[in-house]
Amino acid sequence: MEFRADLHCHSTCSDGTVTPKELVDLALSLGLSALAITDHDTVEGYFLAEQYAKEKGLALLSGSELSTVHGRASIHILAYAFRPDHPLIQAFCLEQVESRRERNCEILVRLRERGMEIAEEELMSDERVVVGRPHIAQVLLNKGYVYTLQDAFNKYIGDGKPCYVPAKRRSARDVVEVIHEAGGFAVLAHPHLIKQQSVVGELLEMPFDGIEGYYSRFNFVRNLKWLEIASEKGFFVTGGSDFHGTVKPGVALGCAWAPEKTFNKLWAHFKGDAFFY
Ligand code: AMP
Ligand code: ZN
Ligand code: FE
Ligand code: FE
Numbered sequence: 059m060e061f062r063a064d065l066h067c068h069s070t071c072s073d074g075t076v077t078p079k080e081l082v083d084l085a086l087s088l089g090l091s092a093l094a095i096t097d098h099d100t101v102e103g104y105f106l107a108e109q110y111a112k113e114k115g116l117a118l119l120s121g122s123e124l125s126t127v128h129g130r131a132s133i134h135i136l137a138y139a140f141r142p143d144h145p146l147i148q149a150f151c152l153e154q155v156e157s158r159r160e161r162n163c164e165i166l167v168r169l170r171e172r173g174m175e176i177a178e179e180e181l182m183s184d185e186r187v188v189v190g191r192p193h194i195a196q197v198l199l200n201k202g203y204v205y206t207l208q209d210a211f212n213k214y215i216g217d218g219k220p221c222y223v224p225a226k227r228r229s230a231r232d233v234v235e236v237i238h239e240a241g242g243f244a245v246l247a248h249p250h251l252i253k254q255q256s257v258v259g260e261l262l263e264m265p266f267d268g269i270e271g272y273y274s275r276f277n278f279v280r281n282l283k284w285l286e287i288a289s290e291k292g293f294f295v296t297g298g299s300d301f302h303g304t305v306k307p308g309v310a311l312g313c314a315w316a317p318e319k320t321f322n323k324l325w326a327h328f329k330g331d332a333f334f335y
């Protein structure tokens, strides 16, 4: 089978439904050659699966999808091949966990004011490190306060809705620097999903290393646009499914992937760095 490295997926450490080790098993059963677990604002998935992946013979690259902001636009930045224990990465993640916790509590207060009672503990689960709005939506659904997950966003917690509280985020520019300091590569995630497309030009002027050009539910023509931009700017092109398990039923692990050459470059850098740990 051809080489496939899915460099974008989520585990139970953030808002996915499959544990990090199960992701390794699933990747192997699908014949994938390599994987990066890119949970939102945490590297825990990498740590939980590292040894297991080694035993099973799957190349597991360090990864995370970091939440940032540029102007008013929410921007996701994929970090790869960084030192997972680097203090700046660890500090970034800790800061996000703490500010998200405060934000979630504020959201719960607003829901409570409207008669929807959710305790903070109800948002927690075994491996979960990073708690976000999708978890709040799930509890709202479980308790019968909404009809669907989408309904929760539309009525209460979506941007600008009555129980919405904005998140505290670091600037995209700062986060690219953090990733570089930690020895990694910064990749602009799913550029086609950025709501304010006008900011994409500004983002592309930042010292990114790559752009996510292969993505689930991407048609070839759209994909081509990002490939052209990448070659103009000298960025490499990564790819991944953005698999979340059962909460995103239309997206299968391995349905988008990075080219072998790109993966090899990331992997060589990661393994080279590993000698200096
Ligand atoms: P958070 O990082 O906690 O602000 O949560 C962001 C996540 O919530 C996104 O990645 C989406 O999965 C989900 N989300 C945000 N807005 C909506 C929306 N309007 N409809 C459905 N899902 C949404
Ligand atoms: Zn997610
Ligand atoms: Fe994302
Ligand atoms: Fe993602």
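Counting in this note's numbering, the sequence shown tops out at residue 335, every number present.
Every residue, glycine too, gets a C-beta built ideally from N, C-alpha and C.
Host beta strand (DSSP E) of residue 167 (start-end)
By 1-based counting over the sequence shown, the position of residue 167 is 109. Residue range 145-171 is occupied by the alpha helix (DSSP H) that includes residue 167, with no beta strand (DSSP E) assigned at that position.
Are residue 110 and residue 142 touching if we call contact CB-CB under 8 Å?
Start at 1 with the first residue of the sequence shown, and residue 110 comes out as number 52. Start at 1 with the first residue of the sequence shown, and residue 142 comes out as number 84. No, these two residues do not count as a Cβ contact at 8 Å.
For the beta strand (DSSP E) that residue 133 lies in, which residues bound it at each end?
Numbered from 1 along the sequence shown, position 75 holds the residue referred to as residue 133. Secondary structure note for residue 133: its beta strand (DSSP E) is the uninterrupted segment 131-138.
Is the beta carbon of residue 191 closer than 8 Å to that of residue 215?
Residue 215 sits at position 157 when you count from the first residue of the sequence shown. Residue 191 sits at position 133 when you count from the first residue of the sequence shown. Yes. Within cutoff.
Bounding residues of the alpha helix (DSSP H) (the contiguous stretch that carries residue 193)
To locate residue 193, count along the sequence shown from 1; it is residue 135. Counting along the chain, the alpha helix (DSSP H) containing residue 193 begins and ends at 191-200.
Any alpha helix (DSSP H) of 4 or more consecutive residues that is wholly inside the segment 205-272:
Listed in chain order, the complete alpha helix (DSSP H) runs (minimum 4 residues) inside the segment 205-272 are 207-210, 230-239 and 258-262.
Rounded C-alpha distance that separates residue 255 from residue 311
As a position in the sequence shown, residue 255 is number 197, starting the count at 1. As a position in the sequence shown, residue 311 is number 253, starting the count at 1. Taking the straight line from one Cα to the other gives about 27 Å.
Alpha carbon to alpha carbon, how far is residue 177 from residue 224?
The residue given as residue 177 occupies position 119 in the sequence shown. The residue given as residue 224 occupies position 166 in the sequence shown. Distance between the alpha carbons of residue 177 and residue 224 is about 20 Å.
Neighbourhood of residue 86 by C-beta, 7 Å cutoff - its chain only, sequence neighbours within 5 removed
Along the sequence shown, read from residue 1 onward, the residue named residue 86 stands at position 28. Only 114 and 116 meet the Cβ criterion.
State buried or exposed for residue 183, treating a residue as buried only when at least 16 other CB atoms are found within 10 Å of its CB.
The sequence position of residue 183 within the sequence shown is 125, counting from 1. So residue 183 counts as exposed.
Please write down, chain order preserved, every residue whose beta carbon lies under 5 Å from a heavy atom of ligand 4.
Result: 123 and 300.
Going along the chain, which unbroken runs of the alpha helix (DSSP H) with 4 or more residues stay wholly within the segment 99-127?
Unbroken alpha helix (DSSP H) runs of no fewer than 4 residues, entirely contained in the segment 99-127, are found at 102-114, following chain order.
Cβ of residue 99 within 8 Å of Cβ of residue 154?
Counting from 1 along the sequence shown, the entry for residue 99 is found at position 41. Counting from 1 along the sequence shown, the entry for residue 154 is found at position 96. Contact: yes.
Counting only runs that start and end within the segment 278-311, where is the alpha helix (DSSP H) found for 4 or more residues in a row?
Taking only runs of at least 4 residues, the alpha helix (DSSP H) segments lying wholly in the segment 278-311 are 278-291.
Excluding the five sequence neighbours on either side, which residues of its own chain have a C-beta within less than 6 Å of the C-beta of residue 160, listed in chain order?
One-based indexing of the sequence shown puts residue 160 at position 102. Taken in chain order, the list of residues that qualify is empty.
I need the straight-line Cα distance from residue 200 to residue 65, nearest angstrom please.
Position 142 of the sequence shown, counted from the start, is the residue given in the question as residue 200. Position 7 of the sequence shown, counted from the start, is the residue given in the question as residue 65. For the pair residue 200 and residue 65, the Cα-to-Cα distance works out to about 31 Å.
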